[in-house]
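Presented below is the structure to which this report refers.
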Amino acid sequence: MDKLVIRGGEPLLGTVRVSGAKNAALPCMAAALLTDEPVILENIPQVRDIETTRKLLAAMGAEVELGYGRAHHRTTIHAKNLATPEASYELVKTMRASTLVLGPLVARCGRARVSLPGGCAIGQRPIDLHIKGLERLGAKITQEHGYVEAKANRLRGAEILFDKITVTGTEDLLMAATLAEGETVLQNAACEPEVADLAALLNNMGAKIQGAGTPTIRVKGVSKLKGAKHRIIPDRIEAGTFLIAGALTGGDLNIANCDPAHLTAILAKLKQTGVKTKPSKDSVRVMGDNPFSASDLVTEEYPGFPTDMQAQFMALATQAEGTSIITENIFENRFMHAQELVRMGANIRIEGRRAVVTGKTPLSAAAVLASDLRASASLVLAALVADGETIIDRVYHIDRGYEKIEEKLKAVGAQIKRIGNMLP
Ligand code: UD1
């Protein structure tokens, strides 16, 4: 199993390029199931979740070309014939976002059989809202043997009010609604940029969607969608992670190929913490020459501070003077990184959904375990400023969502290497 070995203490200097957003690429790949024509997606990140999605789509009978080069990271998906509209437990258990195929499959094929995802390291994460929404669109749902099966001759447009804001739930139903008969209105929809990116692709494919990126999305169903070419937005979470890396190490880092408009909450929080940043059109420079001050944080749906940046912010909070209270509102069990940070010398107390972080405490290298994708990122950040050599085990978690993190960090001065050879 791969490990990352990081020797802390080097300031990060230079330019690091952000990859395409994994969480936009995944629904866009699922959207290719809605048409029998090829869909070309550019700026695809080279991460393991994309490879899992390739396998998932290929298992259904779609032709998927996936290529990574200096100039292009691109996939072409041609779902001409879908022999098996199914997502197996084997794939869903490694990536919950596999449930994104449920809506497109039932809309296109009239039938979908998708494994229920089961438990998750960061919380329960049910998919009840996806299922209720599909029922509102007229699908007949059955659940047995750990699978959910949805059937409908043709979905019918409906008003759907989400009880709770869900990102992939919004995306799943948005895709389903594109081929439904009549109008669908999604209320209390997720406003994340990844939802808007998916809607941009779907509209390129001939869908009629208005309001994506706001809480109310209107979809006029069409009978057929066509192929399209689309460029995936930059990954705001990867950008945010590098911003904290630059700040923490006292570096001077240019985060290139990002969209500062998607980073508003992250940049505002960094400013409160005393981190200097300078956004430009498609990059942000971070200068880590100030001491950090404690700042409370509450995770929220977009445009609030993202839960996917909470663990990384906690690493920063360990190096800030004073007490920061971090409240996790989205997932019930997303503090797995805290205990590992404590093993490195952090002072963190967990009280239910709140973590109380008191700094500044020096961090010292230790052998630590990555427990989920973003938790692993926080351990990398802590290791970059820890005294000595940290060994992070179970790096496959980080490979799910960060493209070649060790190469990117090494190029800007980090002392980091991978042991093992299991790059995605
Ligand atoms: C997506 C992101 C993930 C991010 C999360 C929150 C992708 C592939 N993943 O996950 O990186 O951390 O948004 O920003 O885009 N919920 C229900 N019932 C449902 C669906 C969700 O109760 O049917 C709850 C969840 O348990 C959670 C909350 O709603 O407490 C938000 O979850 P959701 O937005 O659905 O997260 P994902 O879409 O799975």
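Count along the sequence shown starting at 1, add 117, and that's the number in the working numbering. For glycine and all other residues, C-beta sits at the position ideal for the given N, C-alpha and C.
What is the C-beta distance between C308 and E417, in whole angstroms, given that I count them as a contact (C-beta under 8 Å)? The Cβ separation is near 11 Å, so there is no contact.
Pick from I350, V473, N450 and R253: whose alpha carbon is nearest that of I103? Residue 103 cannot be examined here, being either before or after the span of the chain that is shown, 118 to 541.
Can you name the start and end residues of the beta strand (DSSP E) that I536 belongs to? Here the beta strand (DSSP E) through I536 covers Q532 to I536.
Within 8 Å (strictly less), CB to CB, does K395 reach chain C? Of the protein chains in the structure, only one exists, and it is not chain C.
Given a cut-off of 8 Å on the beta-carbon distance, is the pair I244 and Q532 in contact? no
Taking the alpha carbon of P128 as the reference point, which residue from A434, G391, L370 and D413 has its own alpha carbon closest? L370
With DSSP run on the structure shown, which of helix, strand or coil describes I277? strand
Can you tell me whether K210 sits near the ligand UD1, meaning its C-beta is under 7 Å from at least one heavy atom of the ligand? no
Closest Cα partner of A148 within the set L387, H347, P479 and L251: H347
Measure the C-alpha to C-alpha separation of R271 and V265 and round it to an integer number of angstroms. 18 Å
Other residues of its chain near L384: CB distance less than 6 Å, five sequence neighbours each side excluded: T394
Alpha carbon to alpha carbon, what distance is there between S493 and I326? 36 Å
What residues in its chain sit with their C-beta under 7 Å from that of G518, if we drop five residues either side in the sequence? K139, V164, D166 and L490
Enumerate in chain order the residues of its own chain whose CB-to-CB distance from K343 is below 7 Å, with the five nearest sequence positions on each side excluded. T152, E154, M322 and G323
Are the beta-carbon atoms of A434 and G476 separated by less than 8 Å? Yes, the pair counts as a contact, with Cβ atoms nearer than the cut-off.
Can you tell me which residues form a DSSP beta bridge with G263? Beta-bridge pairing links G263 to no other residue.
When you measure from the CB of G220 to every non-hydrogen atom of the ligand UD1, does any distance come out below 7 Å? no
Give me the Cα-Cα distance between R171 and Q427, rounded to the nearest whole angstrom. Linking R171 to Q427 through their CA atoms gives a straight-line distance of about 29 Å.
Quick one: is E180 buried, meaning 16 or more other Cβ sit within 10 Å of its Cβ, or exposed? exposed
So, using beta-carbon positions, are M404 and S495 closer together than 8 Å? no
DSSP puts L414 in a beta bridge; with which residues? I443
Where S215 sits in the DSSP three-state scheme: helix
May I ask whether a heavy atom of the ligand UD1 can be found less than 7 Å away from the beta carbon of N305? No, the ligand UD1 has no heavy atom inside 7 Å of this Cβ.
Any heavy atom of the ligand UD1 closer than 7 Å to the beta-carbon of Q436? Not one heavy atom of the ligand UD1 is found less than 7 Å from the C-beta of Q436.
For T381, verify whether its CB is less than 7 Å away from any heavy atom of the ligand NAD. In the structure on display, the ligand NAD does not appear, and the ligands it does have are the ligand UD1.
Quick one: what's H190 bridged to in DSSP? Per DSSP, Y185.
As assigned by DSSP and simplified to three states, the class of N407: coil
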